[in-house]
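*Asks:*
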Amino acid sequence: MEILQPAAVMALSAAVFGFIIWAYFRVSKHFQSETRDQNGWGSDRISILFAIGLVIGFTVSYIEIFIYAFRLPFSGAVDVTIGLAAAMIAMTAAYTVQAYSEKRAISASQPRN
Numbered sequence: 009m010e011i012l013q014p015a016a017v018m019a020l021s022a023a024v025f026g027f028i029i030w031a032y033f034r035v036s037k038h039f040q041s042e043t044r045d046q047n048g049w050g051s052d053r054i055s056i057l058f059a060i061g062l063v064i065g066f067t068v069s070y071i072e073i074f075i076y077a078f079r080l081p082f083s084g085a086v087d088v089t090i091g092l093a094a095a096m097i098a099m100t101a102a103y104t105v106q107a108y109s110e111k112r113a114i115s116a117s118q119p120r121n
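Here the sequence shown is numbered in the working numbering, starting from 9 and rising by one per residue.
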């Protein structure tokens with residue numbers, strides 16, 4: 009039972025980490041000033057605040073992965089390996105979801121014969 013709670017929280021932190029990476033992919037074009045109007049949601053203040061929020065969320069979730077990985081009842085080297093594996097799985101999932109959504113968007117924009 010002592011392994012379930014840290015493992016579950018670590019998995020949740022990895023999911024949040026992956027979601028934040030995916031969210032950055034979704035809004036990365038918004039951060040380019042050429043594609044942004046300067047009124048409302050396109051202003052520099054909103055973009056900077058959103059970028060700061062993503063960086064803070066990214067950092068906190070990454071650290072949380074390792075905090076809970078080190079609470080697992082294994083040696084330090086095994087805990088680091090588990091934490092790195094969780095972070096890599098989350099990043100790979102975020103890249104995969106983004107690639108799939110881009111592929112779907114490209115195929116949806118092409119006319120059907």
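Positions of the beta carbon are idealized from the N, C-alpha and C atoms, including for glycine.
Can you name the start and end residues of the alpha helix (DSSP H) that Arg34 belongs to?
*Replies:* First-last of the alpha helix (DSSP H) with Arg34: 12 to 35.
*Asks:* On a Cα-Cα basis, can you pick out the residue from Ala116, Lys37, Pro81 that is closest to Ala10?
*Replies:* For clarity, residue 10 is Glu in the given sequence; the question names Ala instead. With distances taken between Cα atoms, Glu10 lies closest to Pro81.
*Asks:* Does DSSP put Ser83 in a helix, a strand or coil?
*Replies:* Coil at Ser83, not helix or strand.
*Asks:* Between the Cα of Gln106 and those of Tyr32, Pro14, Ala15, spot the shortest distance and give me the residue it belongs to.
*Replies:* Among Tyr32, Pro14, Ala15, the Cα nearest to that of Gln106 is on Tyr32.
*Asks:* Return the chain-ordered list of same chain residues with a C-beta closer than 7 Å to the C-beta of Pro14, the five sequence neighbours on each side being excluded.
*Replies:* Here the set comprises Tyr76, Arg79, Leu80.
*Asks:* Compare the C-alpha of His38 against each of Ala59, Val88, Ile114 and name the closest.
*Replies:* Comparing Cα positions, the closest option is Ala59.
*Asks:* What is the rounded straight-line gap between the Cα of Thr104 and the Cα of Thr89?
*Replies:* Spanning the two alpha carbons is a distance of roughly 22 Å.
*Asks:* Phe66 lies in the alpha helix (DSSP H); which residues open and close that run?
*Replies:* Run containing Phe66: 52 to 77, per the alpha helix (DSSP H) assignment.
*Asks:* Kindly list the residues whose CB is nearer than 7 Å to the CB of Tyr70, restricted to its own chain and excluding five residues on each side of it in sequence; keep chain order.
*Replies:* These residues qualify, in order along the chain: Phe25, Ala95.
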